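Inspection log for the structure reproduced underneath, given as structure tokens.
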Amino acid sequence: MGNDILSGFPNAEVIGNEEKPSYNGCFDIYIRGVGALDRRDSSGKLYLYKKIAHGGKMPTGQQILDKIMILVL
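The opening position of the sequence shown corresponds to residue 0 in numbering that gives the first Met the number 0, with each subsequent residue numbered one higher.
In structure tokens form, the structure reads like this:
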């Protein structure tokens, strides 16, 4: 997933497992510093994807890139 993001945004900084997952099998993707302030959590994260909210289904790299594109354009 990180490589897919970097292919679309070469200057992005992709950090894996920055925080300890909150549950076993956790897979969340979030972005900092982009998006409406009222949609960010208390630490400034705007979640692009939460596996638990999607029935355990993994996103494609293109789905994540599409979400980022919508935010930054």
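Where a beta carbon is used, it is the ideal one built from N, C-alpha and C, also for glycine. Predicted, not measured: the structure shown is a model, and the values here were computed from it.
Which residue comes first and which comes last in the beta strand (DSSP E) that contains residue i?
i: L47; result: 44-49
i: R31; result: 27-31
How would you write the range of the alpha helix (DSSP H) that residue i sits in, first residue to last?
i: I63; result: 60-71
i: D3; result: 1-7
Determine, using beta carbons only, whether residue i and residue j come nearer to each other than 7 Å.
i: K50; j: Y29; result: no
i: P58; j: Y46; result: no
With a cut-off of 8 Å on the beta carbons, I'd call residue i and residue j a contact; round off their distance for me.
i: G60; j: D3; result: 3 Å
i: G7; j: L72; result: Their Cβ separation, rounded to whole angstroms, is 12 Å, which puts G7 and L72 out of contact at 8 Å.
(message) Measuring CB atoms only, is the segment 31-48 touching the segment 7-15, in the sense that at least three cross pairs come out at less than 8 Å?
(response) Cβ pair count under 8 Å is below three, so no.
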